[in-house]
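Down below is the structure, laid out as structure tokens.
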Amino acid sequence: MNTQKKILLLLLIGAVLLVFYKQNIFSGLKSETNTSIGETQPQKTLKDAKIIGWTAYWDEKNTLEALPRSIERMSVFTPVLYRIETDGSLEKYRVLYKKEFLQNAKNKNIAIMPQIGDDFDFERVSLLLYDGKIQEKFIESLIEEAKKEGFIGWDIDIESLKTKDRQAFSEFVEETAEALHENNLKFSVTVFARVGNDDNPSALAQDYRALGKVSDEVRIMMYGAHDDETGPGGQAPLTWMRQVLNYAVKNIPGEKIVIGLSTHGYDWDNKKGEPLTFGQIQARIGEATPSVKFDEKVSSAIYRYQKDGQDREIWFENARAITEKMLIAMNEFGTDKFAIWRIGAEDPKIWEELGK
């Protein structure tokens, strides 16, 4: 074989080897892409949602009726049973069915983590935040009561705050969380929904980043975008909800975020709104159920009607509104914990949807 033929043969072999090499390299890259970068994560469903149930002491009859259909779907039961006293002790609300509430949860092995609030009293909150002895007594009372009743911990709901209380509130939460953790108890803090530098002084006093560092959970009240003092609208319009969640995930570890969803609505005239539970709304709508519309952009049910010659409209959170918000939170933001405010005031179909 002459030299020219040898060169041609070598070039041909080289070309074949190059093609073979490229095919293997790119097929390998394609395979890797398909199994990692290009692969979409499966969408979460309502079965993935972890549910916390808040209850109200002033509506205990409806709560008791609702618990049998809802308690099994909860991971944590949070009845509102206590308030902060001015001396740091725990005042128990008068709840006739307290024993039955707790027994419902115990029968199904559902963890009990009550909420304690401030009763919207700025004076008692100020004493708690700035008086060391009162604060110490309060924390000791939490630990003692939890151990006596078999609670797994506490949810603290302090809303009567001023902007100047920001640091004191953060320090109080840190002290309380540390003491509870030392006693193998969990701690969560309930906060206002916010999107940044809100005008609400109480919301500004709640430092998401500081609270998220020390708490086991930060429960965000994802409602109140419209209330009795505003014009008509949904409790948590989707645009607003996404803004709140965008702010939350930047400041709180995702696994600690709990989204509080309200089940109530408002009936507005041209001046103000009247708060109503789902049951009260259904009674008001009566036979006009087919006239109920659903605003997909807001994710809220609407019923418009006339009374005494005046236009009125009811915006409320039915099962569709609640579950749509859950799916958005899970699949867009990766947050899968939800607290329902409140058991006994909700659309019963919520539990059917969550059971699918």
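Residue numbers (UniProt numbering): 1 to 356.
All C-beta atoms in this analysis are idealised placements derived from N, C-alpha and C, irrespective of residue type, glycine included.
Source: prediction; values computed, not measured.
| Check | Outcome |
| --- | --- |
| Do the region 308–327 and the region 275–292 make contact, defined as three or more Cβ pairs closer than 8 Å? | yes |
| In whole angstroms, what separates the C-alpha of S126 from that of S188? | 20 Å |
| To the nearest angstrom, how far is it from the Cα of L180 to the Cα of W268? | 43 Å |
| Give a yes or no on whether the C-beta atoms belonging to I252 and V218 are separated by under 8 Å. | yes |
| Between the alpha carbons of I152 and Y93, how many angstroms are there, rounded? | 20 Å |
| Could you tell me the distance, in whole angstroms, from the CA atom of A111 to the CA atom of F101? | 12 Å |
| Please report the straight-line C-alpha distance between L238 and L245, rounded to a whole angstrom. | 10 Å |
| Distance cutoff 8 Å, beta carbons only. Does K133 sit that close to anything in chain C? | No chain C appears in the structure shown, which is made up of a single protein chain. |
| For the region 206–213 and the region 162–173, state whether three or more C-beta atom pairs, one from each stretch, are separated by less than 8 Å. | yes |
| Any contact of the region 329–336 with the region 303–311, i.e. 3+ C-beta pairs under 8 Å? | no |
| Grab me the residues of N104's own chain with a C-beta within less than 6 Å of its C-beta, minus the 5 sequence neighbours each way, in chain order. | L67 and I71 |
| Hey, would you say G88 sits closer than 8 Å to L46, going by beta carbons? | no |
| Per DSSP, what kind of secondary structure is P201 in: helix, strand or coil? | helix |
| Terminal residues of the continuous alpha helix (DSSP H) containing A168? | R166 to E182 |
| Helix, strand or coil: how does DSSP classify S126 here? | helix |
| Go ahead and pull the three-state DSSP assignment for P68. | helix |
| In whole angstroms, what separates the C-alpha of D118 from that of V80? | 11 Å |
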